[in-house]
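Engineer: The structure under discussion is supplied below as structure tokens; questions concerning it will follow.
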Amino acid sequence: MTERIVSGMRSTGKLHLGHYLGVIQNWVKLQKEYESFFFVADWHALTTKYDNTANLKQDVKDVVIDWLACGLDPDISTIYVQSLVPEIAELNVYLSMITPQNWVERDPTLKDMAKILRTKEGANSQVSYGLLGYPVLMSADIMMFNATAVPVGIDQVAHIEITRDIARRFNNIYKTDFFKEAKPLLNHCSLICGLDGNKMGKSFNNDIKISDTAEVTAKKIMTAITDRSRLRKTDLGHPDQCEVAFKYWEIFGSPELVSNVKSECEQGLRGCADCKRQLAEVINEYFAPIRDKRHYYEEHPEEVKEIIHDGSARAREEAQKVLKEVRKIIGMY
Ligand code: TRP
Ligand code: SF4
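First residue of the sequence shown? That's 75 in this note's numbering, and the numbers climb one at a time after it.
Next up, the structure:
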């Protein structure tokens, strides 16, 4: 039997190139080799945005549209929305009972999120019971389908470790070998940084969206950091010190183009503005088919809705099988 993978993303709205290169591209490849479940984690979004839900629905749709545009195929992968599979919430209850408090408290990602929350004002600055349970809910997501592997970015690996611990603890407590211990499946791609050289992120205002138009992309690329020591076109450039633009070249340019850019830059034959204009063209060409496909789904919202509902129904079917077994193992009424 083919192995099963599960992975998800919080519904943060339109996705950026970091999501594409770091995660989605990997999923698109893996869906051909594994029985795949991909979902939008709207409950996880609520852990920090419970008081700001006006865009929640649209955010979910935007994520799914980006996925479809990038090549996730609803005919071979199960694409669903977490909150449309309520079985996950029930499994979350059972897992909550067996998870020691200090396991969730030492979650490193949670510590980071708590730090961010503390800088905010008002009700949303508190770490809620739900946020504390973030890794347990994630474990429920993964164990719900008894997956053996979870394709994620490096930032999620600590969470997968907790999932393995919880699965092992469940098996020990209830004297079973029902739950498999899922391992992270890392994508060994080069990480793309934001336009300012920091990690690319929506909240840092340094991202390029998959859905950005060619014009917006070009405008953003013009702000990308280059070799800071360079003032004039004729100054000899240092591509290895060109903090953002050359890194993008290495990701999106053909080897010939990249070596051409490198030598022209080093010889002072290439101005940074022209260089970035050309870079924008290359990136826009790369994303043109994806953006066309995205446009199609935006124009056909009923199709997207159907994909979400069909996928969620299929996910529920599988989840119910697992849940039935879990209830029996625990000894529920
Ligand atoms: N925490 C993940 C993120 O922030 C999203 C997520 C939720 C997830 N549940 C998951 C990823 C289960 C993999 C498996 O992107
Ligand atoms: Fe970077 Fe291109 Fe400028 Fe060289 S010419 S420093 S590669 S942007």
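Glycine residues also receive a C-beta, built at the ideal position from the N, C-alpha and C atoms.
In this text, all values refer to a predicted model and were calculated from it rather than measured experimentally.
1. Could you name the residues that DSSP lists as bridge partners for threonine 121?
2. Taking the beta strand (DSSP E) that proline 225 falls in, what are its first and last residues?
3. Measuring alpha carbon to alpha carbon, tell me which of Lys395, Lys402, Tyr407 and Met406 ends up nearest isoleucine 220.
4. Rounded to a whole number of angstroms, what is the C-alpha to C-alpha distance between threonine 287 and glycine 96?
5. Assuming phenylalanine 320 is part of the alpha helix (DSSP H), what are its boundary residues?
6. What is the residue span of the beta strand (DSSP E) that lysine 257 lies within?
7. Would you kindly work out how many angstroms separate the C-alpha atoms of aspartate 186 and alanine 119, rounded to a whole number?
8. Write down the C-beta distance between valine 155 and isoleucine 325 rounded to the nearest angstrom, noting that I regard them as a contact closer than 8 angstroms.
9. How far does the alpha helix (DSSP H) with serine 170 in it reach, from first residue to last?
10. Tell me, to the nearest whole angstrom, how far the beta carbon of leucine 205 is from that of threonine 127; I am working on the premise that it is less than 8 angstroms.
11. What number of angstroms, rounded off, separates the C-alpha of glutamate 235 from the C-alpha of aspartate 229?
12. Could you tell me if the beta carbon of glutamine 230 falls within a distance shorter than 7 angstroms of some heavy atom in the ligand TRP?
13. Using a C-beta cutoff of 8 angstroms, does glycine 82 count as contacting chain D?
14. For valine 400 and glycine 385, I'd like the C-alpha separation in whole angstroms.
15. Hey, could you find the ends of the alpha helix (DSSP H) glutamate 235 is sitting in?
16. Run the CB neighbour count on proline 209, radius 10 Å, all protein chains shown included, and call it buried at 16 or more, exposed below.
17. Which term fits serine 333, buried or exposed, when burial requires 16 or more other beta carbons within 10 angstroms of its beta carbon?
18. Work out the CA separation of isoleucine 282 and glutamate 164 for me, nearest whole Å.
19. Inspect the beta-carbon positions of lysine 336 and proline 313 and report whether they are closer than 8 angstroms.
20. Can you give me the start and stop residues for the beta strand (DSSP E) that arginine 304 sits inside?
Structural biologist: Straight from the coordinates:
1. Residue 121 sits at position 47 when you count from the first residue of the sequence shown. Threonine 121 is not bridged to any residue.
2. Counting from 1 along the sequence shown, the entry for residue 225 is found at position 151. DSSP places proline 225 inside the beta strand (DSSP E), whose first and last residues are 223 to 226.
3. Taking the sequence shown and counting its residues from 1, one reaches residue 220 at position 146. The sequence given here has asparagine at residue 220, not isoleucine. Looking only at Lys395, Lys402, Tyr407 and Met406, the smallest Cα-Cα distance to asparagine 220 is reached by Lys395.
4. Working through the sequence shown from its first residue, we reach residue 287 at position 213. Working through the sequence shown from its first residue, we reach residue 96 at position 22. Taken atom to atom, the span from the alpha-carbon of threonine 287 to that of glycine 96 is near 21 angstroms.
5. Along the sequence shown, read from residue 1 onward, the residue named residue 320 stands at position 246. Residues 319 to 326.
6. On the sequence shown, position 183 is the one that residue 257 refers to. Element bounds for lysine 257: 257 to 260.
7. Looking up residue 186 in the sequence shown gives position 112. Looking up residue 119 in the sequence shown gives position 45. Whole-angstrom Cα-Cα distance: 15 angstroms.
8. As a working note, residue 155 is residue 81 in the sequence shown. As a working note, residue 325 is residue 251 in the sequence shown. Their Cβ separation, rounded to whole angstroms, is 31 angstroms, which puts valine 155 and isoleucine 325 out of contact at 8 angstroms.
9. The residue you call residue 170 lines up with position 96 of the sequence shown. Note, serine 170: alpha helix (DSSP H), 161 to 172.
10. One-based indexing of the sequence shown puts residue 205 at position 131. One-based indexing of the sequence shown puts residue 127 at position 53. Under the criterion of beta carbons closer than 8 angstroms, leucine 205 and threonine 127 do not qualify as touching, at roughly 15 angstroms.
11. Counting from 1 along the sequence shown, the entry for residue 235 is found at position 161. Counting from 1 along the sequence shown, the entry for residue 229 is found at position 155. Roughly 12 angstroms separates the two Cα atoms.
12. Here residue 230 corresponds to residue number 156 of the sequence shown, with the count starting at 1. Yes, since a heavy atom of the ligand TRP falls inside the 7 angstroms radius drawn around the Cβ of glutamine 230.
13. Considering every chain present, this structure includes no chain D. It has just one protein chain.
14. As a first step, residue 400 must be located in the sequence shown, where it is residue number 326. As a first step, residue 385 must be located in the sequence shown, where it is residue number 311. C-alpha separation (whole angstroms): 23 angstroms.
15. By 1-based counting over the sequence shown, the position of residue 235 is 161. According to the DSSP assignment, glutamate 235 belongs to the alpha helix (DSSP H) that extends over 231 to 247.
16. For this step, residue 209 is matched to residue 135 along the sequence shown. Buried, by the Cβ-count rule.
17. As a working mapping, residue 333 is identified with position 259 in the sequence shown. Classification for serine 333: exposed.
18. As a working note, residue 164 is residue 90 in the sequence shown. As a working note, residue 282 is residue 208 in the sequence shown. One C-alpha to the other measures close to 38 angstroms.
19. Taking the sequence shown and counting its residues from 1, the one referred to as residue 336 is at position 262. Taking the sequence shown and counting its residues from 1, the one referred to as residue 313 is at position 239. Yes, these two residues count as a Cβ contact at 8 angstroms.
20. On the sequence shown, residue 304 is found 230 positions in, with the first residue counted as 1. In the DSSP annotation of this structure, arginine 304 is not part of any beta strand (DSSP E), being labelled neither H nor E.
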